[in-house]
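Reviewing the structure listed below.
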Amino acid sequence: MKKVKFALAGCGDMAAKHAEAIAALPDCELAAVYDIDQAPLQQLAGKYGARAYTDYLLLLEDPDLDVINICTPSGLHASMGVAAAGAGKNVLMEKPMALSLGDADMLIEACEKAGVTLGVVHQNRFKPAILRLSKAMEEGRFGRVMHANATVRWNRNKDYYGKKTWRRLKSMGGGVLLNQAIHNIDLLQWMMGRVVSVFGYTASNLGLSEGEDVGIAVLRFADGALGIVEASSAIYPRSLEETISIFGEKGTVIIGGASVGEVKIWQFNSPERDGVLGQDVNGSSGESPLVCCIGDMAQAVRAQGRPKVDGREGRKALEIILAIQQSSDTGKEVALPLGVTEN
Ligand SMILES: NC(=O)c1ccc[n+]([C@@H]2O[C@H](COP(=O)([O-])OP(=O)(O)OC[C@H]3O[C@@H](n4cnc5c(N)ncnc54)[C@H](O)[C@@H]3O)[C@@H](O)[C@H]2O)c1
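Position in the sequence shown (first residue = 1) + 344 = my numbering.
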């Protein structure tokens with residue numbers, strides 16, 4: 345089978361994880377890397393024997409590339425994705441896919457027009473515990489779900505912002521909602537369905553970033569269930585948890601740990617179906633979620649199909665976050681869907 349050839353655009357911290365994940369997939373190859381900074385570029389090119397580019401247009405002209413993984417600062421995502429689609433390349437986009445709905449739509453349309461596949465990296469959807477929760481939701485095991493929480497209590501300190509200054513900038517996607525909590529908000533909406541209204545407050549307390557370091561919101565879902573988002577990057581002195589909790593009339597599930605991978609509570613009125621919750625469900629064995637996510641993209645590209653999180657799916661968490669920020673700015677409840685000109 346011909347390998348799916350990947351290129352990394354941006355060779356920083358997350359790109360290094362993409363490179364490792366691609367190397368772990370036997371039917372995939374890291375063929376090229378691109379960065380404007382020579383040090384991380386040469387480091388990844390040397391380690392994986394990939395062709396090195398310092399010019400994005402030249403990278404996009406390389407005929408031996410199937411997918412461009414966009415791992416640059418978030419404010420660059422949409423325009424780089426549109427350029428890649430225009431060059432006929434499939435796009436695997438790091439989160440957030442864009443900073444506005446207008447840009448997200450521009451990217452989705454560019455990929456559809458070019459007939460290329462667009463995937464968004466929300467690797468937590470591939471965690472075994474989360475997949476098990478999703479199956480329990482699909483099977484209706486909770487009965488009526490009454491409320492659900494997404495909780496991100498992390499520490500992002502001076503060191504974090506000092507190392508990579510783009511993380512401080514709103515124009516580059518700084519702020520705990522877009523930069524950290526987006527994964528958990530994605531899980532919340534994936535489990536609970538369409539959000540119809542949001543009331544939120546955001547605050548920037550520590551002054552380390554232009555973006556918010558705390559975001560708190562109440563959500564109403566289309567079926568009448570309620571949700572709470574609690575997102576902080578200002579937890580002293582270190583990160584505590586990333587947790588999703590689902591409360592239904594016949595079941596309660598809480599999946600937490602440092603990064604939403606450990607089953608804390610798994611309680612249903614039909615417990616005999618669950619067996620023993622062991623290693624498999626806690627995700628401590630098997631492939632990493634990022635390997636699964638990139639493998640899923642490779643499979644979608646081969647089949648000219650859709651990855652699990654395509655552009656329209658990736659857009660949903662972005663819309664919820666923009667609504668929370670808009671609610672905080674206006675002091676009003678915000679109804680979804682948002683108009684594209686509202687952000
Ligand atoms: N999926 C996840 O869990 C996850 C985790 C961390 C970061 N991310 C996302 O990955 C992206 C990168 O984050 P990071 O922490 O790796 O950042 P980083 O600062 O470590 O890396 C960014 C790289 O992009 C390069 N770059 C900047 N401008 C460029 C340009 N115009 N052209 C080419 N290269 C350019 C920089 O030189 C740097 O090497 C962000 O969008 C972030 O939100 C995702």
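A virtual CB, placed ideally from N, CA and C, is assigned to each residue, including glycine.
Being a predicted model, the structure only gives us computed values, none of them experimental.
**OP:** Return the Cβ separation of Ile-668 and Ala-561 in integer angstroms, given the expectation that the two are a contact with Cβ distance under 8 angstroms.
**Re:** 4 angstroms
Original post:
Should Asn-413 be counted as a contact of ligand 1 given a C-beta to heavy atom distance under 7 angstroms?
Top reply: no
**OP:** Per DSSP, which residues does Gly-600 bridge with? Please list them.
**Re:** Glu-606
Original post:
Is Lys-471 near ligand 1, with its Cβ less than 7 angstroms from a heavy atom?
Top reply: no
Original post:
Counting only runs that start and end within the stretch 536-560, where is the beta strand (DSSP E) found for 3 or more residues in a row?
Top reply: 539-547
**OP:** Examine ligand 1 and report whether any of its heavy atoms sits within less than 7 angstroms of the Cβ of Asn-523.
**Re:** yes
Original post:
Since Phe-470 contacts Pro-633 with CB under 8 angstroms, what's their CB separation in whole angstroms?
Top reply: 4 angstroms
**OP:** Have a look at Ser-548 and Ser-577 and give me their C-alpha separation to the nearest angstrom.
**Re:** 10 angstroms
Subject >> Gly-622 to Ala-642 span [Cα, whole Å] >> reply: Per-residue confidence for Gly-622 stands at a pLDDT of 47, beneath the threshold of 50, marking its modelled position as unreliable; the derived number appears in the next sentence. Approximately 29 angstroms between the Cα atoms of the pair.
Original post:
Three-state secondary structure (DSSP) at Thr-509?
Top reply: helix
Subject >> Straight-line Cα distance separating Leu-521 from Cys-355 >> reply: 23 angstroms
Subject >> C-alpha gap between Met-437 and Asn-499, whole angstroms >> reply: 25 angstroms
Subject >> DSSP state of Gly-592 mapped onto helix, strand, coil >> reply: strand
Original post:
If you draw a straight line from the C-alpha of Ala-353 to the C-alpha of Ala-359, how long is it?
Top reply: 8 angstroms
Original post:
So, using beta-carbon positions, are Leu-403 and Tyr-397 closer together than 8 angstroms?
Top reply: yes
Original post:
Is the stretch 461-468 close to the stretch 653-660, with three or more CB pairs under 8 angstroms?
Top reply: yes
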